[in-house]
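Beneath this line is the structure, given in structure tokens, with notes to follow.
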Amino acid sequence: MGVLNLILLRPILNILLVLTHFLFSNFGLGVIALTIIVRLILMPLTVMQLRSSKKTTETMNVIKPKLEQLKKKYAKNPQKLQQETMKVYKEAGISPMGCLSSPMLLSTVIQLPIYIALYRAIIQGLAVTPQDFLGLSQNLYSWGMVNHGLPISGHFLWLNLASNDPYFVLPILVGVTQWISQKMMIQPTTDPQQQSMNSMMQIMMPLMMAFMTFTFPSGLGLYFLMTSIVMIVTQYFIFGWGGLFAKAPAPEAATKKDAKSERVKAMTRGGESESATGSAKSGGSGLGGLLSRLKPKQTDKKKSDKAD
Amino acid sequence: MMLSKATRPRLSRILVLLVLAAIALMAVSCTAAPSRGWSGPLVSDNVLYVGTLQGKILALDLTTALSNEGVQLLWDPKDVVGSVGGGFTCGRVSKPMGMYGTPAVTNGRIYIGAYDGNVLWVSTDGQAVSDPKFKTGGPIIGSVVIDGDTLFVGSSDGKLYALSLDLKERWHFDTGGKIWSTPFVSSGVVYVGSADHNLYAIDTESGNEIWRFETKAAIMSSPLVANGKVYIGGCDRKFYAIQAATEDERQAASQREQGSPPEVSRDNPESVFEGAGNWFWTQALLYDGEIWVGNLDHKVYVLNAENVAEEVHDAYPTGGMVYAPPVVLPLEGLVVVGSQDGKIYAINAQTKDVAVYAIDAKTEEIVQSPDKPKNPLPPILAPLYPDSENGIVYFHAQDGTHTLYALRLSADSAEVLWSFRTDVIK
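In order, the protein sequences belong to chains A and B.
The first sequence begins at 917 in the numbering used here and counts up by one.
The second sequence begins at 68 in the numbering used here and counts up by one.
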């Protein structure tokens, strides 16, 4: 913990206070600026994570019928079922570990401590109680501009950043932006199980974040809000509006899904492996490369819809 | 929406996971560190008064304690502080305390400033409580000071208040920054530091500003006035000696119209010490021509009172922030310092030899090897109270537990006389 404090918390905290100093001694502006800067620095990792997540979801939708068939076929032979399942995963080019697959795990492992440090830096900077302020002294550099603006002024717009929002505006904003972000992320699916889970996630996550924002000091709520907004913008530039304006496919479609999925699988089996290898071959890195790799996929999807 | 049999278990798993994640997040975010504060003890007529974590005022009878009959409450503790918002502490490092300041006693009343922003009194027999209290616009972090028939207190609303002893406002002076500093009154002038970076000298009668001295950062420490100088350290890591207000300056200020700017300024200090590694937060002690002052860089500095830029002795390192002002036991010739490391440092003012005393929190015995005590005391941040006559230092160690200690010190030994938990009143 001491090392993490030294290499993450203290630098982030001091940069936050320097930003606050230059932004008219306004801690709210400092939090907004630092959240955007940290998110921009970590953008390649976020993009990698989003891409990997989207790919996994899409592929899982495609191979699901095949997995269901295998379950029925090898119901009495678990060992064979496992082997065949792994084979399908391998052919599809995804990891059965889902979010624990290497690219996602790597980006999470790198990002998480930074986000936690950012969160802790905001709490420390706010120094809600007198002893918090006293403790803050132990994490500051000797730079004059760091000490100059302390204790920070907690006023930002209608908020006192050291206490929760009495008008509930910030929790509502956090809930709404979380909902938009979730909705953009979630892929339309014909699977009723998946639809139910998606609906649950879309409601639970924003509610949870809104409740936390209500109970936490507004400075942290501001951080949650900026994080959601940056995420929405990032997702827009990578995937467009995603599932935000997409209507959920009619539940009846689910009854036809086995036959349909078979056809999709047949069409995409070659395409998936092609796209899996293609993603490694073409496009390069960064947003441009990512977009160029995604566009053909979307075209293919439209084609397959027309074929249906 | 109707859910299939296959869907329900998966949904319930997701719900359980979400709930667990929420609980984990809330547990991590809402687990604040134990409250530690700096409500120090005060002794008057063999009774020790102290404010507690929960906002109670305690009165301990020292006559029984000094005769080895054990320390006893003189009367049922008075619960005098309202809510300080400690119930739901998500996203905070620690919970606030009910009281931070040290009480002041005069005319049969104990006066206290509380975190809920109120100034109040309790009669020394515990029978009466002020009603109404005087409400300031923010939490009170420093101590109240009484000079004659006037009480001075600074508040986080940025104002220094002068009140009558019946808690009626005489005047207030708005500094524009939080006041956590305890005011100091000398020769009709009240001095107070503010988070707006200024030290103010204010006429006690009119409330008019005599002069201000600007530093590069907030001033949270309390001033000390002696030898015509004001000694104060700031969050700019500097310790200043500034010429105190003269009688002529005070009179000129008192005759000025309220609101008009002061004619005097203090642009330059007489001397400055710039060798500290962190903020000065504590009041200095002047003893035998030397200034003793603690710093949040874990050290105690000994400076020449005539020229504070000059260190008389190498700084004394401790194991934590030095927040409590040093006190002196003149008969023993000891300067006593409490530190965040929970240890007491007794320094011989003549020889400058230091004895470090660590108390075992369980056995309450002095630990033989103080470097690594098995059960160290909580941090000592509150001002110590020196009983010069009996060679005893009373201090309030506050963290997960809050305990008062009476420590008898001599030139080469220490003995714990008694202790009393203030966070759990039996």
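Every residue gets a Cβ at the ideal spot worked out from N, C-alpha and C, and that includes glycine.
Q) Whose Cβ in chain A lies nearer than 8 angstroms to the Cβ of isoleucine 54(B)? A) In the structure as shown, chain B begins at 68 and stops at 493. Residue 54(B) is therefore absent and cannot be evaluated.
(Q) Please list, in chain order, the chain A residues whose beta carbon lies closer than 9 angstroms to that of asparagine 345(B). (A) To locate residue 345(B), count along the second sequence from 1; it is residue 278. Residues of chain A passing the Cβ test: Ser1053, Gln1054, Leu1056, Ser1058.
Q. Considering only residues of the segment 261-298 of chain B, which uninterrupted beta strand (DSSP E) runs meet the minimum length of 3 residues and lie entirely inside it, listed in chain order?
A. 265-270, 276-281, 291-293
Q.
Less than 6 angstroms between C-beta atoms, sequence neighbours within five positions excluded: which residues of the same chain meet that for leucine 935(A)?
A. For the purposes of this step, residue 935(A) is taken as residue 19 along the first sequence, with counting starting at 1. Excluding sequence neighbours, leucine 935(A) sits near Gly946, Ala949, Leu950.
Q | alpha helix (DSSP H) segments (min. 4 residues) lying fully within the segment 401-464 of chain B | A | The qualifying runs do not exist here; there are none.
Q.
Among Leu352(B), Glu456(B), Ser477(B), Ile447(B), whose alpha-carbon lies nearest the alpha-carbon of glycine 107(B)?
A. As a working mapping, residue 107(B) is identified with position 40 in the second sequence. When only C-alpha atoms are compared, the closest one is Ile447(B).
Q.
Out of Ile213(B), Glu136(B), Leu133(B), which one is the CA nearest neighbour of asparagine 174(B)?
A. Your numbering for residue 174(B) matches position 107 in the second sequence. Closest option to asparagine 174(B), Cα to Cα, is Ile213(B).
Q) Of all the options Lys296(B), Val331(B), Tyr258(B), Trp278(B), which has the alpha carbon lying nearest to the alpha carbon of serine 289(B)? A) As a first step, residue 289(B) must be located in the second sequence, where it is residue number 222. The option with the nearest alpha carbon to serine 289(B) is Tyr258(B).
Q: Taking only beta-carbon positions, decide if tyrosine 368(B) is within less than 8 angstroms of chain A.
A: For the purposes of this step, residue 368(B) is taken as residue 301 along the second sequence, with counting starting at 1. Under the 8 angstroms criterion on CB atoms, tyrosine 368(B) is classed as non-interfacial with respect to chain A.
Q. Whose Cβ in chain B lies nearer than 7 angstroms to the Cβ of asparagine 1063(A)?
A. To locate residue 1063(A), count along the first sequence from 1; it is residue 147. What asparagine 1063(A) touches in chain B, judged by beta-carbon distance under 7 angstroms, is Ala284, Cys302, Asp303, going in chain order.
Q: Look at leucine 474(B) and threonine 489(B) and say whether their C-beta atoms are less than 8 angstroms apart.
A: Here residue 474(B) is taken as the residue at index 407 of the second sequence, counted from 1. Here residue 489(B) is taken as the residue at index 422 of the second sequence, counted from 1. No, these two residues do not count as a Cβ contact at 8 angstroms.
Q: Look up glutamate 314(B) in the DSSP assignment and say whether it is helix, strand or coil.
A: Along the second sequence, read from residue 1 onward, the residue named residue 314(B) stands at position 247. The three-state reading of DSSP puts glutamate 314(B) in helix, counting H, G and I together.
**Q.** Boundaries (first-last residue) of the alpha helix (DSSP H) holding histidine 1064(A)
**A.** Walking along the first sequence from the start, residue 1064(A) turns up at place 148. That run of the alpha helix (DSSP H) goes 1060-1064.
Q.
Whole angstroms are fine: how far does the CA of valine 978(A) sit from the CA of glutamine 999(A)?
A. Position 83 of the first sequence, counted from the start, is the residue given in the question as residue 999(A). Position 62 of the first sequence, counted from the start, is the residue given in the question as residue 978(A). Glutamine 999(A) and valine 978(A): Cα-Cα distance of roughly 19 angstroms.
Q) Based on Cα-Cα distance, which residue from Glu316(B), Ala171(B), Glu236(B), Gln407(B) lies nearest to arginine 279(B)? A) As a position in the second sequence, residue 279(B) is number 212, starting the count at 1. Minimum Cα distance to arginine 279(B) is reached at Glu316(B).
Q. If you pair each beta-carbon of the segment 417-437 of chain B with each one of the segment 448-459 of chain B, do three or more pairs fall below 8 angstroms?
A. Per the Cβ contact rule, the segment 417-437 of chain B is not in contact with the segment 448-459 of chain B (fewer than 3 Cβ pairs under 8 angstroms).
Q.
Once the 5 residues before and after methionine 1147(A) are set aside, which same chain residues still bring their CB inside 6 angstroms of it?
A. The residue given as residue 1147(A) occupies position 231 in the first sequence. Short of 6 angstroms from the beta carbon of methionine 1147(A), and not among the five residues preceding or following it, lie these beta carbons of its own chain, in chain order: Ser1097.
**Q.** Anticipated Cβ contact below 8 angstroms, proline 437(B) with lysine 419(B), distance rounded
**A.** On the second sequence, residue 437(B) is found 370 positions in, with the first residue counted as 1. On the second sequence, residue 419(B) is found 352 positions in, with the first residue counted as 1. Actually they do not touch by this definition, with Cβ atoms about 18 angstroms apart.
Q.
Would tyrosine 368(B) and alanine 343(B) be called neighbours here (beta carbons separated by less than 8 angstroms)?
A. Along the second sequence, one-based indexing puts residue 368(B) at 301. Along the second sequence, one-based indexing puts residue 343(B) at 276. It is a contact, given that the beta carbons lie within the stated cut-off.
Q | Local conformation of proline 384(B) per DSSP, three classes | A | Here residue 384(B) is taken as the residue at index 317 of the second sequence, counted from 1. DSSP places proline 384(B) in strand when its eight states are reduced to three.
Q.
Check for me: the beta strand (DSSP E) holding aspartate 506(B) runs from which residue to which?
A. Residue numbering for chain B in the displayed model covers 68 to 493; residue 506(B) lies beyond these limits and cannot be assessed.
**Q.** Residues near isoleucine 923(A) by beta carbon distance below 6 angstroms, same chain, minus five either side
**A.** The sequence position of residue 923(A) within the first sequence is 7, counting from 1. Cβ within range, chain order: n/a, list empty.
Q. What is the rounded straight-line gap between the Cα of glutamate 341(B) and the Cα of asparagine 457(B)?
A. Here residue 341(B) is taken as the residue at index 274 of the second sequence, counted from 1. Here residue 457(B) is taken as the residue at index 390 of the second sequence, counted from 1. Looking at the two C-alpha atoms, the distance is approximately 37 angstroms.
Q: Give the straight-line distance between the Cα atoms of lysine 1003(A) and proline 994(A), rounded to the nearest whole angstrom.
A: For the purposes of this step, residue 1003(A) is taken as the residue at position 87 of the first sequence. For the purposes of this step, residue 994(A) is taken as the residue at position 78 of the first sequence. If I take the Cα positions, the gap works out to 14 angstroms.
Q: Kindly indicate if chain A contains any beta-carbon less than 8 angstroms away from that of leucine 227(B).
A: The residue given as residue 227(B) occupies position 160 in the second sequence. Taking Cβ atoms only, chain A never reaches closer than 8 angstroms to leucine 227(B), which makes this a no.
(Q) Run through chain B and tell me which residues come within less than 8 angstroms of leucine 1050(A), C-beta to C-beta. (A) Here residue 1050(A) corresponds to residue number 134 of the first sequence, with the count starting at 1. Under the 8 angstroms cutoff, chain B gives Trp348, Leu363, Met388, Tyr390, Leu448.
Q. Considering only residues of the same chain and omitting the five flanking positions on each side of asparagine 1080(A), which have a CB-CB separation below 7 angstroms?
A. As a working mapping, residue 1080(A) is identified with position 164 in the first sequence. Answer for asparagine 1080(A): Phe1130, Thr1131, Phe1132, Pro1133, Ser1134, listed in chain order.
Q.
In the DSSP output, which residue or residues are listed as bridge partners for glutamine 139(B)?
A. As a first step, residue 139(B) must be located in the second sequence, where it is residue number 72. In the DSSP output, where bridge partners are listed per residue, glutamine 139(B) has Asp128(B).
**Q.** Beta-carbon proximity check, tryptophan 346(B) vs serine 1053(A), cutoff 8 angstroms
**A.** Within the second sequence, the letter at position 279 stands for residue 346(B). Within the first sequence, the letter at position 137 stands for residue 1053(A). It is a contact, given that the beta carbons lie within the stated cut-off.
Q | Three-state secondary structure (DSSP) of glutamate 236(B) | A | Taking the first residue of the second sequence as 1, we reach residue 236(B) at position 169. Correct three-state label for glutamate 236(B): strand.
(Q) Can you look up isoleucine 515(B) in the DSSP assignment and give me helix, strand or coil? (A) As shown, chain B starts at 68 and ends at 493. That puts residue 515(B) outside it, with no answer to give.
Q: Please decide whether leucine 925(A) counts as near chain B, where near means a Cβ-Cβ distance under 8 angstroms.
A: Start at 1 with the first residue of the first sequence, and residue 925(A) comes out as number 9. It does not; no Cβ of chain B falls within 8 angstroms.
Q: State the Cα-Cα distance for the pair leucine 127(B) and valine 147(B), rounded to the nearest angstrom.
A: In the second sequence, the residue the question calls residue 127(B) occupies position 60. In the second sequence, the residue the question calls residue 147(B) occupies position 80. C-alpha separation (whole angstroms): 17 angstroms.
Q: Put serine 1115(A) into one of helix, strand or coil per three-state DSSP.
A: Within the first sequence, residue 1115(A) is the residue found at index 199, counting from 1. If DSSP states are grouped into helix, strand and coil, serine 1115(A) belongs with the helices.
Q: Report yes or no: is there a C-beta of chain B within less than 8 angstroms of the C-beta of leucine 1066(A)?
A: Residue mapping note: residue 1066(A) aligns to position 150 of the first sequence, counting from 1. True, the Cβ-Cβ gap to chain B drops below 8 angstroms.
Q: Kindly indicate the opening and closing residues of the beta strand (DSSP E) around histidine 475(B).
A: For this step, residue 475(B) is matched to residue 408 along the second sequence. Note on residue identity: the sequence assigns arginine, not histidine, to residue 475(B). 469-476 is the span of the beta strand (DSSP E), which, as asked, contains arginine 475(B).
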